[in-house]
Ligand SMILES: Cc1cc2nc3c(=O)[nH]c(=O)nc-3n(C[C@H](O)[C@H](O)[C@H](O)COP(=O)(O)OP(=O)(O)OC[C@H]3O[C@@H](n4cnc5c(N)ncnc54)[C@H](O)[C@@H]3O)c2cc1C
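Residue numbers (the working numbering), protein chains in the order written: chain A, 21 to 351; chain B, 1087 to 1464.
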């Protein structure tokens, strides 16, 4: 990890933890805006993290951004900072000045749309900045705001460079959701291991039972897989741009979705009844996992795309196509 | 646990092209059964050809017949061999674990005597760990080696020894002194380099469920070994034998064993489309790409001299799940009755091989136990 990346990751970690942990998730689910947290994130310039330095941003790589999203995922992503980072990246790539405040990314239902200062609408290879109009509030099963917001007066519109391609909003969102899933899974696995070492039945910690150990070990494999897939995807974006990283991003979203399903089921099995209660923190994460599977393209959506491509290219091309995507080392 | 993706080694694409040309040529007559057997296919002629190209012992010093290449270049070679379903069994064990073990722990005499032969694809090795009473509980092994005035005397029995009947040497883990009373059973074990032509060794092939002679029972009856047949240190056998596990468990052979059926399945689906097949194929491709990233990450860590034992256990477990499910998934998409003969035969072979994937090299349960311990359970 680069030094800059580890400093940032540490800062975000501290910020999100200090802002209230699970309390802030409860707040968000109750419909409140996490104002303190947001102010801290903005103060750090995170909203401009993916905007190049020459345009007044921080100029992080996508790999750095993904590392930050993992941290956010570990804390349940209580504010739309990842979406704002992406929206800002799109705006600045299209030559539009990035406004202050939370940006509502209109790629599907708008995350935290009711709180958005501005609306960012990706459409093909164009992106437009609008004032937010009428808002019909809605939520996903994570009880995160996912609103329908009409785009009012257009403030600016621009063309995305080829590196971003015609699906930049979708691809960026898919990578974000995959990274958040990786982080959230890491968190609930840690919670489950801790619980397995604490909860006693039959005179010993349930973690001493092989049946419990084996389930958690299998889940650890899935969690590792998502981390690697996200890492591969972010690296592909850094190397070739969003447009040419759709394979890796799709892979990451598929693996993330499958792992979310398996991981959520596993931790609920290990926690049993206590994990189902409202007072327990577990469900804030598992409900988000189930929601994030659906956003930025489902497993089925991406698998159909990747599978169709594999079929079109034929069996003999599958392996060479995959290895040809490797990041090349420098001599 | 940590996974860090390495960059591809320099010239990787050129090396891959070289390998693909070589394999296209060498593989013209490989049957679907041969491709399905993957690294359980044994073909000395092929291994010699691979050795002649410098693709065995690639990372070893030139003085021992090696190519002084990086571990990541070696992985390029392994990947291409497995993706093509090449019968690499005659050199696989020597290249993957016996050779590296000898290089690290062997005497100068042992290295010069053995390594160039492995690198040429001429010396085949087998692994003498399991015994009738020592499977997952390997430390329970009973085979004994006692000191004699001129060396050692070996007695006992190994079982499930893959290719013992076709190999030149076995590296055997045996007991050289009793486990200390109340102490660790890992003490008192040593490794020996056993020339399988020695008298007193009898090798009985055990037919497997596919009807093949792939593994064996090997009996040692007063086999006289020389002092310099001891490999490494007397009494350090356990640590020596387990030190190579990260290499043994993390390579592409732990997720690519059934890969040729995916490529063949895709072609069959193009000839006879099956509704919804693209979703299943897409999920498999995503898993394949991810497993490759995981395996390469461990390869990178090994190359940097780290000891990713737990990460390797995890790659093997996840990889085995994939390679075991693969033929079943293809079978669910392409009705066997309608599939082209090549694919049908490949799937038939794989059905009979797949159960071994999560047994050989440490069972799924044992691997998950290692992972669980690392997570702070147990
Ligand atoms: C095709 C093939 C090739 C092989 N080649 C070789 C070879 O070349 N050299 C060699 O030395 N060996 C070889 N083996 C042997 C292999 O290493 C053993 O099969 C393996 O270690 C398991 O031992 P076992 O078969 O005695 O099963 P057992 O150890 O008896 O296990 C039986 C079942 O019990 C489970 N079990 C055992 N202990 C535990 C535990 N503590 N917790 C939970 N579950 C447990 C196992 O996971 C398994 O499901 C080969 C095996 C196969 C199938």
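Here a beta-carbon is modelled for each residue, glycine too, at the ideal position from N, C-alpha and C.
Endpoints, alpha helix (DSSP H) assigned at residue i
| i | result |
| --- | --- |
| residue 342 of chain A | 335 to 343 |
| residue 1300 of chain B | From DSSP, residue 1300 of chain B is part of no alpha helix (DSSP H) but of the beta strand (DSSP E) over 1299 to 1311. |
| residue 305 of chain A | 302 to 314 |
| residue 1457 of chain B | 1450 to 1460 |
| residue 1439 of chain B | 1427 to 1443 |
| residue 1352 of chain B | 1345 to 1357 |
| residue 1118 of chain B | 1118 to 1123 |
| residue 1367 of chain B | 1363 to 1389 |
| residue 104 of chain A | 101 to 113 |
| residue 1198 of chain B | 1194 to 1205 |
| residue 1402 of chain B | 1395 to 1419 |
| residue 1094 of chain B | Counting along the chain, residue 1094 of chain B falls outside any alpha helix (DSSP H), and DSSP gives it neither H nor E. |
| residue 1271 of chain B | First-last for residue 1271 of chain B: undefined, no H or E at that position. |
| residue 27 of chain A | 23 to 38 |
Heavy atom of ligand 1 within 7 angstroms of residue i beta-carbon
| i | result |
| --- | --- |
| residue 1222 of chain B | yes |
| residue 1452 of chain B | yes |
| residue 230 of chain A | yes |
| residue 1445 of chain B | yes |
| residue 1324 of chain B | no |
| residue 1141 of chain B | no |
| residue 89 of chain A | no |
| residue 1242 of chain B | no |
| residue 1333 of chain B | no |
| residue 1247 of chain B | yes |
| residue 1301 of chain B | yes |
| residue 1435 of chain B | no |
| residue 1215 of chain B | yes |
| residue 1362 of chain B | no |
| residue 155 of chain A | no |
| residue 1449 of chain B | yes |
| residue 1455 of chain B | yes |
| residue 1229 of chain B | no |
| residue 1442 of chain B | yes |
| residue 1036 of chain B | Only positions 1087 to 1464 of chain B appear in this structure, which leaves residue 1036 of chain B out of reach. |
Boundaries (first-last residue) of the beta strand (DSSP E) holding residue i
| i | result |
| --- | --- |
| residue 286 of chain A | No beta strand (DSSP E) contains residue 286 of chain A, which is instead part of the alpha helix (DSSP H) from 266 to 291. |
| residue 229 of chain A | Here residue 229 of chain A belongs to no beta strand (DSSP E), and DSSP marks it neither H nor E. |
| residue 42 of chain A | Where residue 42 of chain A is concerned, there is no enclosing beta strand (DSSP E), although the alpha helix (DSSP H) it sits in stretches over 42 to 49. |
| residue 1277 of chain B | 1275 to 1281 |
| residue 123 of chain A | 123 to 125 |
| residue 1293 of chain B | 1287 to 1293 |
Buried/exposed call for residue i, threshold 16 Cβ in 10 Å
| i | result |
| --- | --- |
| residue 1361 of chain B | exposed |
| residue 1211 of chain B | buried |
| residue 1319 of chain B | exposed |
| residue 1235 of chain B | exposed |
| residue 45 of chain A | buried |
| residue 350 of chain A | Since pLDDT at residue 350 of chain A reaches only 45, below the 50 mark, its modelled position is unreliable, and the value read off the structure follows with that caveat. Its Cβ having fewer than 16 others within 10 Å, residue 350 of chain A is exposed. |
| residue 1378 of chain B | buried |
| residue 1129 of chain B | buried |
| residue 1348 of chain B | buried |
| residue 1413 of chain B | buried |
| residue 294 of chain A | exposed |
| residue 332 of chain A | exposed |
| residue 1326 of chain B | buried |
| residue 143 of chain A | exposed |
| residue 1366 of chain B | buried |
| residue 1181 of chain B | buried |
| residue 1107 of chain B | exposed |
Quiz item: Taking only runs of the alpha helix (DSSP H) that begin and end inside the region 59 to 89 of chain A, which ones reach a length of at least 4 residues, in chain order?
Solution: none
Quiz item: Unbroken alpha helix (DSSP H) runs of length 4 or more, entirely within the region 134 to 222 of chain A: which are they?
Solution: 188 to 218
Exercise. Could you list the residues in the region 1423 to 1444 of chain B with a C-beta less than 7 angstroms from some C-beta on chain D, going in chain order?
Key: Of the chains in the structure shown, none is chain D; the protein chains are A and B.
Quiz item: Which runs of the alpha helix (DSSP H) fall wholly inside the region 1209 to 1256 of chain B and span at least 4 residues, in chain order?
Solution: none
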